[in-house]
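Asks: Residue numbers (this note's numbering): 1141 to 1722.
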């Protein structure tokens, strides 16, 4: 049985394919379209998944969509009537609804087949149920508490429950207009970060401030005795007016979420290119502190309800690695699972597994313990990509060698030790927003100036944003105050004080690091590279950042080559090909 899962007509559109209960392929549309967070029908990602499995759209049995247009439909209609939402906003939402309902028709048009030839039934899975499924049904847990927190989907912003084997039971939820995701995004906008998905910048900025505005934040987010929360919606516009959003075949945008009352509370919002000051940093620290306070409030009450030691998390807010890293210290939960794509892209996987497990009641037979589900390229394809560039022709500036894996490992470890910056392109593209050792830029974390060099010469981004340490799994407890694996770079841990001087390029200003633990089982080549680097330096860690420059992470060899040529990356490794600047 083939189930095609899609996140469509929403930010981070994506597709996946499961065959007989196992994930075969998964990819975000942005990797192909080259537009960050691309929103629309993910036709190119769908085509990749089908091609990878060697099937066509006619072979698919079910199409699972992580949206249900009719969920709480009566409440949506009642809200429009009572609130007098703008006509343009209503038209916008109806157009989106029509697109979701017409998925099969639109796929038939794209693949140039008659709609009747597509035998697949369409299953519309409620947004947060798909989020929960994207974590629990692919986790290592037989039983766990489950939590999904995000901005809003199908009129819900948070859902909690219990998963047991191949079923989930919903215990409670928070409905529109109350949302921790909207709260965090509104403050992100207030701080001058207007791009869709900019919340991670506020997380990085928060380390420079103090939560001096926490009491004001508590006026906005109110914790309830039942373990839930609500918002004082007068600080926002989405409740009373509706907010314009664009989700169709382009980069998504969200209109201004905060109201004038928020300006009365905090003063004038930061202009987009205005220099960051201490007040901005303190507001960032305060919104992070408020989010964590609410997040742990939810988790601790859920633990009291369930008594379970395991928890599976999903939703856009589950990308908040700062909060995730504090779960062990602030809740009784002992085991935490967060998938590599906890955000909306992961809803594609969740919708597909919800159909397999929850709808059909079929047994679980698959767990996501690595993130490599995208395209891969062999040496011949890489060679052809190189032939079409100036690299082969310009032997005065570039050297090209084809080496075995072991020789490349030794050379790369030496390059990194000597302070070279390496573009590392191997195997299948990662599923999710993090570069986890297959589409990465690597550097020596022991060099104090490396962070500044990367920010100015390669990434060209804000200087307050940290870089991640990739560390051998068995060495996590030697360098970090927590000793639990973090395979998908989904948690921030405190680095032990005595180790910080050894790895200054990956230590954030507050002494933390958003780590990725690397095991030989899940990425043997990357593991060998870090281990070899450790032999040369005594440090089993490399600095890892995504292979891109203000664009989606590279997907194809051509994109890696282009990024290498237009930046100051010293060495590029494409499979077994090593390209170095002379």
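From the three backbone atoms N, C-alpha and C, an ideal C-beta is built for every residue, glycine too.
It should be emphasised that the depicted structure is a prediction, and the values quoted were computed from it without experimental measurement.
In chain order, what are the residue ranges of uninterrupted beta strand (DSSP E) at least 3 long that sit wholly in the region 1146 to 1195?
Replies: Listed in chain order, the complete beta strand (DSSP E) runs (minimum 3 residues) inside the region 1146 to 1195 are 1154 to 1159, 1162 to 1168.
Asks: Let's see if you can read the secondary structure: which residues bound the alpha helix (DSSP H) around residue 1440?
Replies: Position 300 of the chain shown, counting from 1, holds the residue named residue 1440. First-last of the alpha helix (DSSP H) with residue 1440: 1418 to 1446.
Asks: Kindly indicate which three-state DSSP category residue 1496 falls into: helix, strand or coil?
Replies: By one-based count along the chain shown, residue 1496 stands at place 356. Of the three classes helix, strand and coil, the one that applies to residue 1496 here is helix, per DSSP.
Asks: Do you know how far the Cα of residue 1168 is from the Cα of residue 1724?
Replies: No answer is possible for residue 1724: it lies beyond the span of the chain, which begins at 1141 and ends at 1722.
Asks: Measure the C-alpha to C-alpha separation of residue 1552 and residue 1176 and round it to an integer number of angstroms.
Replies: The sequence position of residue 1552 within the chain shown is 412, counting from 1. The sequence position of residue 1176 within the chain shown is 36, counting from 1. Using only the alpha carbons, I get a separation of about 30 angstroms.
Asks: Can you check whether the CB of residue 1158 is closer than 8 angstroms to the CB of residue 1143?
Replies: By 1-based counting over the chain shown, the position of residue 1143 is 3. By 1-based counting over the chain shown, the position of residue 1158 is 18. Cβ atoms of residue 1143 and residue 1158: closer than 8 angstroms.
Asks: DSSP state of residue 1260, grouped into three classes?
Replies: Position 120 of the chain shown, counted from the first residue, corresponds to residue 1260. In this structure, residue 1260 counts as coil in the three-state DSSP scheme.
Asks: If you draw a straight line from the alpha carbon of residue 1308 to that of residue 1509, how long is it in whole angstroms?
Replies: Taking the chain shown and counting its residues from 1, one reaches residue 1308 at position 168. Taking the chain shown and counting its residues from 1, one reaches residue 1509 at position 369. Their backbone Cα atoms lie some 21 angstroms apart in a straight line.
Asks: Who pairs with residue 1640 in a beta bridge, going by DSSP?
Replies: The residue you call residue 1640 lines up with position 500 of the chain shown. Its beta-bridge partners do not exist; DSSP assigns none.
Asks: For residue 1638, which of 1621, 1589, 1631, 1630 has the nearest alpha-carbon?
Replies: For the purposes of this step, residue 1638 is taken as the residue at position 498 of the chain shown. Comparing Cα positions, the closest option is 1621.
Asks: Can the beta-carbon of residue 1162 be found closer than 8 angstroms to that of residue 1506?
Replies: On the chain shown, residue 1162 is found 22 positions in, with the first residue counted as 1. On the chain shown, residue 1506 is found 366 positions in, with the first residue counted as 1. It is a contact, given that the beta carbons lie within the stated cut-off.
Asks: Compute the Euclidean distance between the alpha carbons of residue 1688 and residue 1402, then round it to the nearest angstrom.
Replies: Here residue 1688 corresponds to residue number 548 of the chain shown, with the count starting at 1. Here residue 1402 corresponds to residue number 262 of the chain shown, with the count starting at 1. If I take the Cα positions, the gap works out to 35 angstroms.
Asks: Measure the CB-CB distance between residue 1609 and residue 1646 and report whether it falls below 8 angstroms.
Replies: Taking the chain shown and counting its residues from 1, the one referred to as residue 1609 is at position 469. Taking the chain shown and counting its residues from 1, the one referred to as residue 1646 is at position 506. Yes, they are a contact pair.
Asks: Is DSSP giving residue 1353 helix, strand or coil here?
Replies: Looking up residue 1353 in the chain shown gives position 213. Coil at residue 1353, not helix or strand.
Asks: Starting from residue 1684, trace the beta strand (DSSP E) both ways and give me its first and last residue.
Replies: Numbered from 1 along the chain shown, position 544 holds the residue referred to as residue 1684. From DSSP, the beta strand (DSSP E) with residue 1684 extends over 1681 to 1686.
Asks: Note the first and the last residue of the continuous alpha helix (DSSP H) segment covering residue 1655.
Replies: Residue 1655 sits at position 515 when you count from the first residue of the chain shown. From DSSP, residue 1655 is part of no alpha helix (DSSP H) but of the beta strand (DSSP E) over 1652 to 1658.
Asks: How about residue 1571 and residue 1493: are their beta carbons less than 8 angstroms apart?
Replies: As a first step, residue 1571 must be located in the chain shown, where it is residue number 431. As a first step, residue 1493 must be located in the chain shown, where it is residue number 353. For residue 1571 and residue 1493, no; Cβs fall outside 8 angstroms.
Asks: If you compare alpha carbons, which of 1334, 1554, 1370, 1270 is closest to residue 1391?
Replies: The residue labelled residue 1391 in the question sits at position 251 within the chain shown. For the residues 1334, 1554, 1370, 1270, the minimum Cα distance to residue 1391 belongs to 1334.
Asks: Straight-line CA distance for residue 1462 to residue 1633?
Replies: On the chain shown, residue 1462 is found 322 positions in, with the first residue counted as 1. On the chain shown, residue 1633 is found 493 positions in, with the first residue counted as 1. Rounded to whole angstroms, residue 1462 to residue 1633 spans 8 angstroms at the Cα level.
Asks: Whose CA, out of 1296, 1641, 1376, lies closest to the CA of residue 1619?
Replies: Taking the first residue of the chain shown as position 1, residue 1619 is located at position 479. Here the closest residue by C-alpha is 1641.
Asks: May I have the straight-line CA-CA distance separating residue 1481 from residue 1550, to the nearest angstrom?
Replies: Position 341 of the chain shown, counting from 1, holds the residue named residue 1481. Position 410 of the chain shown, counting from 1, holds the residue named residue 1550. Each residue's Cα considered, the two are about 32 angstroms apart.
Asks: Along the chain, where does the alpha helix (DSSP H) containing residue 1550 start, and where does it finish?
Replies: As a working mapping, residue 1550 is identified with position 410 in the chain shown. Segment 1545 to 1557, the alpha helix (DSSP H) holding residue 1550.
Asks: Span of the beta strand (DSSP E) holding residue 1210?
Replies: What you label residue 1210 is simply residue 70 of the chain shown in a count that begins at 1. Unbroken run through residue 1210: none, as it is neither H nor E.
Asks: Out of 1607, 1208, 1523, 1294, which has the shortest C-alpha to C-alpha gap to residue 1696?
Replies: The sequence position of residue 1696 within the chain shown is 556, counting from 1. The candidate whose alpha carbon is nearest that of residue 1696 is 1523.
Asks: To which residues of the same chain is residue 1206 closer than 7 angstroms at the C-beta, ignoring the five residues directly before and after it?
Replies: Position 66 of the chain shown holds residue 1206. The answer, listed in chain order, is 1147, 1265, 1267, 1270, 1487, 1488, 1490, 1491.
Asks: Can you check whether the CB of residue 1346 is closer than 8 angstroms to the CB of residue 1454?
Replies: On the chain shown, residue 1454 is found 314 positions in, with the first residue counted as 1. On the chain shown, residue 1346 is found 206 positions in, with the first residue counted as 1. Going by C-beta atoms, residue 1454 is not nearer than 8 angstroms to residue 1346.
Asks: On the three-pair Cβ rule with 8 angstroms, is the region 1467 to 1478 touching the region 1426 to 1439?
Replies: The region 1467 to 1478 is in contact with the region 1426 to 1439.
Asks: Spatial neighbours of residue 1379 within its chain, please: C-beta separation below 7 angstroms, excluding the five flanking residues on both sides.
Replies: By one-based count along the chain shown, residue 1379 stands at place 239. For residue 1379, where only same-chain residues beyond five positions count, the Cβ hits under 7 angstroms are 1317, 1373.
Asks: Could you work out which residue in 1606, 1439, 1443 is closest to residue 1458 when comparing CA atoms only?
Replies: The sequence position of residue 1458 within the chain shown is 318, counting from 1. The residue with the shortest Cα to Cα distance from residue 1458 is 1439.
Asks: Could you give the distance in angstroms between the alpha-carbon of residue 1422 and the alpha-carbon of residue 1330?
Replies: Here residue 1422 corresponds to residue number 282 of the chain shown, with the count starting at 1. Here residue 1330 corresponds to residue number 190 of the chain shown, with the count starting at 1. If you take the alpha carbons of residue 1422 and residue 1330, they lie about 13 angstroms apart.
Asks: Just checking: is the beta-carbon of residue 1479 within a distance shorter than 8 angstroms of some beta-carbon in chain B?
Replies: Reference to chain B is not applicable here, since this structure consists of a single protein chain.
Asks: Would the region 1578 to 1590 and the region 1664 to 1682 be scored as touching if the rule is three or more Cβ pairs under 8 angstroms?
Replies: Yes, they touch.
Asks: Taking contact to mean at least 3 C-beta pairs separated by less than 8 angstroms, is the region 1440 to 1448 in contact with the region 1589 to 1603?
Replies: Contact between the region 1440 to 1448 and the region 1589 to 1603 is absent, because fewer than three Cβ pairs lie under 8 angstroms.
Asks: What is the C-beta distance between residue 1255 and residue 1244, in whole angstroms, given that I count them as a contact (C-beta under 8 angstroms)?
Replies: The residue given as residue 1255 occupies position 115 in the chain shown. The residue given as residue 1244 occupies position 104 in the chain shown. That pair is a contact at about 6 angstroms.
Asks: Give the single residue among 1326, 1557, 1341 whose Cα lies nearest to the Cα of residue 1601.
Replies: Numbered from 1 along the chain shown, position 461 holds the residue referred to as residue 1601. Among 1326, 1557, 1341, the Cα nearest to that of residue 1601 belongs to 1341.
Asks: Select from 1398, 1151, 1667 the residue whose C-alpha is nearest the C-alpha of residue 1293.
Replies: By 1-based counting over the chain shown, the position of residue 1293 is 153. The residue with the shortest Cα to Cα distance from residue 1293 is 1151.
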